[in-house]
Structures are given as C-alpha cells and as structure tokens.
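Here's the structure, in structure tokens; my notes come after.
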Amino acid sequence: MAAHVSRIKGFADMFPPDSDAFGFLEDTARRVFSRCGFVELRTPVLEYTDLFRRSIGEETDVVQKEMFTFPDRNDRLMTLRPEATAGVMRAYIEDARHTRESVSRLFTTGPMFRYERPQKGRMRQFHQLNCECLGSHSPYADADMIAMLMRFLREIGLRELTLKINSLGCSTCRPLFKQALVEYLNGLAGQGGLCEDCSRRMQTNPLRVLDCKQEGCRRLTDAAPRLLDFNCPDCRAHFDTVIRLLEAEHIPFELDHRLVRGLDYYCRTTFEVVSGNIGSQSAVAGGGRYDGLVKSLGGPDVPGVGFACGMERLALLLPQQAPKRPLFYALGMNEDARALCFSLAQRLREAGFAGEIHTGDGGFKSAMRQAGKSGAHYCLIIGEDEAASGTVMVKDMDSGEQQAVPQSDVVQHLASTLGGTDHE
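Numbering-wise (the numbering used here), the sequence shown opens with residue 1354 and increments by one.
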C-alpha cells in the first residue's frame, strides 16, 4: 500500500465552516474598505529576501528566526512573505503610484508565512487583511485608519475588544528614548535578570523588551522610561490630534506605554486591538505609521500608515453562524427524470436559487437520505408519473408536506413560498 500523503506541520486545510468564515471576513472587508476609498491590490507571496531585510530590519525576530528562505536555481535568496506591507511598498514603488495620485489607499488579503511554533490562532501559514494609506503625513489619516479598522470589526460582529495606542516618536526623538531605556535596562543587573530573548534584544532591538510577555521581564520594566515622555513637540502634537479625533467619535482606547512594534519601520502612532477570548495570542489587529519605509526601499519620500488583521484569530472570535442551506435538492428517479431534473436545476440557479442535483446511485430511500444530509429546504422529485404529467413533487424537508407543481411553474412556486428564507 502506498504511503499516505500528509500536510506540513503548521499548515492547514480549510473546509466549511472555516472557509465560509474567511469568505465572510473578506467580503465585509471589501465593503467597508471600499467605502473609505481603498482599492484592492494583489501581490506575490514570493519576494527577494533583501526586500524584507531592508524593510523589516536585519535584527528583528522575523528576519533572524522566522522567515521561510531558500535559494533559487541562480542562488538568489527568495522568501515567502512573512508580512504584507513590504510587498505593497515594492509594488507601489515599481508602479510609480505617487506620480498619478497624491494619496494611495490600498488593501490586500492573502497568506503569509512564518516559521513559528504552531498554536491556537497562529500557524506557519496564516492569513491577513492589510490596509495601507500612502502619501499623507496628517494625523487625520492615522485616526481615519483606526476608525475604519474599528468599523470593520464591529461589522463582522466582534465585541469586547480593546484598542491600545501609543506613540513611538520619530528619528529625532526616539534615539533619546532608546538611550534612556538601555541605561535603565543595564541598571537592572542583579535584580533577577531578563529572559534570554530580552537579553539579546537589549543589543539589537531594545524597544521589544517592553513588549515581552514573560512576567519576570514585565515586572522589571514596570518603571522603565515611557516613549510619550520623550516625544518631540511635533510628535506629541501629532499624537494629541489622533487622540482628540478618536475621543470626538467616541472610539474608546487605552494608552499603552508598553505598546511597541516588532518591525523597525514604524514611527509615531502605533495601535493594536486585543481580545481576551483567544488565549495568549490576544492581538487580532495592529498597525501604525511608517513615514520612512518607502524611501528606505529606494522609492520617493512618501509617508504612510497602515494596519493588518490576523484572519485566523478573527475567525476564532466570530459569532456562531448557522450553516447556509441550499434551497433545493433535485432528484430524478430514472434516466429521463434525471435529465428533467438537470434542466430544472439550471433554471432555478439562473433565477438565483442555490441547490444540488442528485448524482448518486442506490434506491429512493438512499437518495432521500442524501437529500436530507444536503440540508436543502425542498426536495424536488421527478419519477415516472411526474415525468409523464409534466409536474414536480415538491417536498418540504422540514414539515414533510409535499405537493405536485407543474414543471414550468417551479421557479415561481419556490419564489412565492420562500418568504424570508436565506436561499443563497
């Protein structure tokens, strides 16, 4: 016997209801984002590794430990995208969007890849919704992105979420904060010590120490310097405007002085939406401003702000939805009847009704069991008598009631009896 094939660890197949949930998320995102002027962009899942080294940062955990990287046949390093923003920036630069529009509003959806330990809500292949607004320095752009994100989360039915915000400062004021933070961390010697990751981050990306989830590290950094206290006047004025706009729209938020980003290109406004209902992986969305990213990749000096939503995590939080039921299951009892059912099903589908045709073997009882398993509201039965009389036996699968209907009237009959039934 041949060996069984199997999927790779950390990767998942997706059948309904999971695939239905993803379709719902994508459809809602397209509706909400398009109302705010965003258009959809599709980028490759495979990019040159240098793109992520330059955009995400050589010293980040993502580049150091989490990327799927391999050489092509010409020994050029390729990487499966670990996040979407870098690819969007490359596409924006190559397409010279800045020459045609002062502000570009782009969104993407699709799979990302990181070599991490698989756990609830985090797989090695995961999916994101990603939004980028390029071309505006204004704090109004930041607030508008946050408002759009929260509207999307409301429209998919999520509640009990917490929006956290902070300001990372800029290239002028953040180095002063980093210096103060490193001095503080160096002063912790003899107080129990930081975890192994944080000890390494002290040298490479000290802001990430504030974000550590280890209780010992959090206790040691309770009294650490705060980013907001080091913001320059311009950064503070920018952030104060964002706060004022959120308050004016009654969008609740928490100031989180520990909120930093794992990616080097973020500046000024940063934000995250968390839920307490999915275990340790509580963040369902996050983003912020990245004014120097496009320029660092060889493009024009264009500011940007954006966010990403983890679709697996959002799907875990979606309210339970009843499975969609097809309207009909068409069942022919002999060859001529099957042909009639096939034609009838096409007419019903053209009219907008969802349904299946019976293609299995076996007798009438077996066929009716399959009709029941389909979940259809009605079973449309054509046997010898119905074929001869030009009728269809329409059986209500919930009540068991049935009646003969002329084949030419079936579409109108089902439409009139449908009422509020969701038939698609």
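Where is the CB? At the ideal position from N, CA and C, for every residue including glycine.
For alanine 1724, report the span of its alpha helix (DSSP H) as first-last.
Run containing alanine 1724: 1717-1727, per the alpha helix (DSSP H) assignment.
Spatial neighbours of alanine 1636 within its chain, please: CB distance less than 6 Å, with the 5 preceding and 5 following residues excluded, ordered by chain position.
Cβ within range, chain order: Glu1625, Val1627.
Could you spell out where the alpha helix (DSSP H) holding isoleucine 1409 opens and where it closes?
Where isoleucine 1409 is concerned, the enclosing alpha helix (DSSP H) stretches over 1402-1409.
Since I believe leucine 1680 is in contact with glycine 1640 (beta carbons under 8 Å), could you give me their beta-carbon distance rounded to a whole number of angstroms?
Not a contact, Cβ separation roughly 41 Å.
In three-state DSSP terms, what is phenylalanine 1830?
Because the chain in this structure spans residues 1354 to 1777, residue 1830 falls outside the shown range and cannot be described.
For methionine 1465, which beta-bridge partners are listed by DSSP?
When DSSP reads this structure, methionine 1465 sits in a beta bridge with Phe1479.
Throw me the rounded Cβ distance for the alanine 1668 and alanine 1374 pair, which I believe falls under 8 Å.
4 Å between Cβ atoms; contact.
Using a 10 Å radius around the Cβ and a threshold of 16 neighbouring Cβ atoms, would you call asparagine 1558 buried or exposed?
Buried, because 16 or more other Cβ atoms sit within 10 Å of the Cβ of asparagine 1558.
Out of Gln1723, Pro1370, Tyr1468, Met1431, which has the shortest C-alpha to C-alpha gap to leucine 1399?
When each option's Cα is compared against that of leucine 1399, the closest is Met1431.
Can you name, in chain order, every residue of its own chain whose Cβ lies under 7 Å from the Cβ of alanine 1496, other than the five neighbours on each side?
Val1595, Leu1598, Leu1599.
Counting Cβ pairs, one atom from each stretch, are 3 or more of them under 8 Å apart for the segment 1746-1760 and the segment 1717-1737?
Proximity of the segment 1746-1760 to the segment 1717-1737 meets the contact definition, three or more beta-carbon pairs being nearer than 8 Å.
Contact check, aspartate 1609 vs asparagine 1519 under 8 Å by CB: the rounded distance?
The C-beta separation of aspartate 1609 from asparagine 1519 comes to about 5 Å, placing the pair in contact by the 8 Å criterion.
Should glycine 1743 be labelled buried (16 or more other beta-carbon atoms within 10 Å of its own) or exposed?
Taking a 10 Å sphere around the C-beta of glycine 1743, we find fewer than 16 other C-beta atoms and assign the residue as exposed.
Could you spell out the range, first to last residue, of the beta strand (DSSP E) harbouring proline 1424?
Looking at the DSSP string, the run of the beta strand (DSSP E) that includes proline 1424 is 1421-1424.
What's the gap between the Cα of aspartate 1775 and the Cα of valine 1764?
Residue placement at aspartate 1775 cannot be trusted, given a pLDDT of 47 that sits under 50; the coordinates are not used to answer.
Take the Cβ of alanine 1590 as the centre, count every other Cβ of all protein chains shown within 10 Å, and call the residue buried at 16 or more, exposed below.
Exposed is the call here.
Histidine 1711 to proline 1759, Cα distance in whole Å?
One Cα belongs to histidine 1711, the other to proline 1759, and the distance between them is close to 20 Å.
Output the distance between the C-alpha atoms of valine 1658 and leucine 1487, rounded to the nearest integer angstrom.
In this structure, the CA atom of valine 1658 is about 7 Å from the CA atom of leucine 1487.
Among all the DSSP beta bridges, which residues are the ones paired with proline 1759?
DSSP lists Thr1744 as the bridge partner or partners of proline 1759.
Please look up how many angstroms separate the CB atoms of alanine 1740 and leucine 1693, rounded, as I've assumed it's under 8 Å.
About 6 Å separates the two Cβ atoms, so the contact holds.
Just the Cα atoms here: how many angstroms apart are lysine 1648 and threonine 1623?
Just so you know, the alpha carbons of lysine 1648 and threonine 1623 end up roughly 20 Å apart.
Determine the direct distance from the alpha carbon of valine 1745 to that of phenylalanine 1391, and round the result to whole angstroms.
Their backbone Cα atoms lie some 48 Å apart in a straight line.
Within 10 angstroms of the Cβ of glycine 1358, are there 16 or more other Cβ atoms? Answer buried if so, exposed if not.
Correcting the residue identity first, residue 1358 is valine in this sequence and not glycine. Classification of valine 1358: exposed, given that the 10 Å Cβ count is below 16.
Excluding sequence positions up to five away, which residues of its chain have a Cβ less than 8 Å from the Cβ of glutamate 1607?
If we look at glutamate 1607 and ignore the five residues flanking it on each side, its Cβ neighbours are Thr1515, Leu1516, Lys1517, Ile1518.
Using the Cβ count rule (16 or more neighbours within 10 Å means buried), how would you classify alanine 1494?
The residue is buried, with at least 16 neighbouring Cβ atoms inside 10 Å.
I need the straight-line Cα distance from proline 1369 to aspartate 1762, nearest angstrom please.
Cα-Cα distance, rounded: 33 Å.
Can you name, in chain order, every residue of its own chain whose Cβ lies under 8 Å from the Cβ of leucine 1650, other than the five neighbours on each side?
Excluding residues within five positions, the ones whose Cβ falls inside 8 Å are Leu1404, Arg1407, Ser1408, Ala1439, Met1442, Arg1443, Ile1446.
Does threonine 1594 come out as helix, strand or coil in the three-state DSSP assignment?
Threonine 1594 falls in the helix class under three-state DSSP.
Beta-carbon gap between valine 1613 and leucine 1547 smaller than 9 Å:
No, Cβ-Cβ distance for valine 1613 and leucine 1547 is not below 9 Å.
Tell whether a beta-carbon distance below 9 Å holds between phenylalanine 1465 and alanine 1500.
As written in the sequence, residue 1465 is methionine, which differs from the phenylalanine given in the question. For methionine 1465 and alanine 1500, no; Cβs fall outside 9 Å.
In angstroms with no decimal places, state the Cα-to-Cα distance between methionine 1686 and phenylalanine 1377.
Here the alpha carbons of phenylalanine 1377 and methionine 1686 stand approximately 37 Å from one another.
Spatial distance of glycine 1773 from arginine 1384 (CA atoms):
Residue placement at glycine 1773 is flagged as unreliable, the pLDDT there being 42, under the threshold of 50; the coordinate-derived value follows with that caveat. Roughly 23 Å separates the two Cα atoms.
Would you check if the distance between the CB atom of aspartate 1644 and the CB atom of cysteine 1620 is smaller than 9 Å?
Closer than 9 Å, so yes.
For valine 1415 and arginine 1453, what's the separation of their Cα atoms in angstroms?
Valine 1415 and arginine 1453 have their C-alpha atoms some 33 Å from each other.
Report yes if the CB atom of alanine 1768 is closer than 9 Å to the CB atom of alanine 1698, and no otherwise.
In this structure, alanine 1698 does not lie closer than 9 Å to alanine 1768 by Cβ.
Tell me which residue opens and which closes the beta strand (DSSP E) that valine 1637 is part of.
Annotation for valine 1637: the continuous beta strand (DSSP E) segment containing it runs 1636-1642.
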